[in-house]
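**Q** When we follow the UniProt record's numbering, the leftmost residue of the sequence shown carries the number 1, and every step to the right adds one. Shown below is the structure under consideration.
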Amino acid sequence: MYENAVPVKEGLFTLPSSPGEPPRLIGCRCKACGETFFPQRGVCIRCLQDDLEQVHLSTRGKLHTFCVVRQAPPGLKVPYAMGITELPEGVRITSLIATATPETLKVDMEMELVIEGFRQNEEGKEVLAYKFRPVS
Numbered sequence: 001m002y003e004n005a006v007p008v009k010e011g012l013f014t015l016p017s018s019p020g021e022p023p024r025l026i027g028c029r030c031k032a033c034g035e036t037f038f039p040q041r042g043v044c045i046r047c048l049q050d051d052l053e054q055v056h057l058s059t060r061g062k063l064h065t066f067c068v069v070r071q072a073p074p075g076l077k078v079p080y081a082m083g084i085t086e087l088p089e090g091v092r093i094t095s096l097i098a099t100a101t102p103e104t105l106k107v108d109m110e111m112e113l114v115i116e117g118f119r120q121n122e123e124g125k126e127v128l129a130y131k132f133r134p135v136s
């Protein structure tokens, strides 16, 4: 499924290793104060400690806000939706929203993580990115 594909950036997410396994975003948690971040960082911005552990974040959350883009940069088809999904850990993730019908989006609707291609790189490989989509 992902044979000829590359992630948009290394270290942001894991790909499923078996059917039925979900992809996971890779974040970090401060061991001193418990604050969780995405993407990973070297220092906690809440307490300024550098003792952080890598964690896999929840795959579902609530749509906090969104917008529908009708004029896009080259390579993206319009309309498409961008949104911020809040995970149970309190982390808010900005991403593209995977939906063919952006007009059906609603604040507070349940969303789930997906990994999808969004463009091709110079070598012709599909570039994978994390997105959220409405739970059906």
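The C-beta atom is built at its ideal place from N, Cα and C for all residues, glycine as well.
Indicate whether Ala81 and Val91 have their beta-carbon atoms separated by less than 8 Å.
**A** The answer is no: Cβ separation not under 8 Å.
**Q** Determine the DSSP secondary structure at Pro134, reduced to helix, strand or coil.
**A** Three-state DSSP puts Pro134 in a strand.
**Q** Going by C-alpha distance, which of Lys125, Leu52 and Gly11 is nearest Cys33?
**A** The shortest C-alpha separation from Cys33 is found at Leu52.
**Q** Check the DSSP bridge columns for Ala5 and list the partner residues they point to.
**A** Per DSSP, Glu126.
**Q** Under 8 Å by Cβ, that's how I've got Pro22 and Leu113 pegged, so tell me the actual separation to the nearest angstrom.
**A** Pro22 to Leu113, Cβ: 7 Å. Contact.
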